[in-house]
Structure formats: C-alpha cells, structure tokens
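All residue numbers for the sequence shown refer to the numbering used here, where the first residue is 65 and numbers rise by one.
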Amino acid sequence: DLVQWIWGGFSVDNATLTRFFTFHFILPFIIAGASMIHLLFLHQTGSSNPIGLNSNPDKIPFHSYYSYKDAFGFAILLALLTALSTFAPNILGDPDNFIPANPLVTPPHIKPEWYFLFAYAILRSIPNKLGGV
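Spelled out as structure tokens, the structure:
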C-alpha cells in the first residue's frame with residue numbers, strides 16, 4: 065500500500081520524517097520538470113484532440129522567440145535579485161529581527177543548565193577582549 069509506505073504506518077519516526085522531507089523537497093522539481101516537458105512537447109507537436117482534426121494550423125509557435133524572451137527575463141530577474149541582496153540585503157527584511165543585543169543578559173529563550181551557571185558567571189566577569197564572552 066502506497067500510503068502505508070509513505071507514512072510508515074501509525075508511528076512517526078526518523079524514517080517517516082526522512083521520507084516526508086525527501087518527497088517535500090523533490091516534488092516541486094518533478095512538477096517543474098513535467099511542466100517544462102509539457103510546454104516543450106505541446107508547442108512542438110500541438111495538442112491531440114478527440115475530433116481528429118489536424119491541429120498543426122492552429123499550433124501557436126513557441127520556440128525560439130518565447131524561449132529566448134523567457135530566458136532573458138529570468139536572467140534579468142536573477143540579476144536584479146542578486147544586486148538587491150548584494151547591495152541592500154536588509155531592505156526586504158523584517159525590522160523586528162534586528163533587536164539590539166545586550167551581551168550582559170542571556171536571551172530568555174536560552175535556558176542554561178544549572179551545573180554550568182558557575183562557568184557562565186566566570187566567563188561573563190572576564191572582559192571580551194581578554195577571552196570572556
């Protein structure tokens with residue numbers, strides 16, 4: 065059974081998660097590849113129709129103008145995104161992600177183990193330029 069193989073039964077363990085993440089990663093590439101093959105063959109051979117009429121006169125020419133135009137547009141978009149991320153990387157970011165850090169206070173989401181507290185206290189008492197934190 066395909067569902068049994070994909071989900072691995074009723075337990076969610078490491079093998080099930082690995083399988084799920086693998087499909088989750090691969091599936092968009094499979095869909096994109098199938099779409100490209102579909103466009104390639106549809107615009108080269110035309111579509112088959114149940115009436116049996118010749119579809120070649122109605123076939124829309126796709127290559128080479130549209131292919132080059134799409135590739136050029138993709139290259140321009142990629143160049144713009146690269147320039148944006150290179151010269152202004154924070155322009156599309158969320159300003160809430162840039163809260164100034166206080167090096168003297170441990171962030172609340174970090175809960176140190178009690179048996180390391182003496183080491184944290186010692187390291188915090190040493191200035192940063194001398195090897196502390």
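Cβ coordinates follow ideal geometry from the N, Cα and C atoms, glycine included.
So, helix, strand or coil for N78, using DSSP? helix
Would you kindly check if the distance between the Cβ of I140 and the Cβ of L220 is under 9 angstroms? An answer regarding residue 220 cannot be provided, because it is not within the stretch 65 to 197 covered by the chain.
According to DSSP, is G97 helix, strand or coil? helix
Continuous alpha helix (DSSP H) stretch holding L181: start and end: L181 to S189
When you compare the CB positions of T170 and P176, do they come within less than 9 angstroms of one another, or not? yes
How long is the line joining the alpha carbons of N166 and G97, rounded to whole angstroms? 48 angstroms
Where A165 falls: helix, strand or coil (DSSP): coil
What is the DSSP secondary structure of K193, reduced to helix, strand or coil? helix
For I174, name the three-state secondary structure that DSSP assigns. coil
Three-state secondary structure (DSSP) at L103? helix
Rounded to the nearest angstrom, what separates Y179 and A185 at their Cα positions? 11 angstroms
Mapping the DSSP letters down to three states, classify P92 as helix, strand or coil. helix
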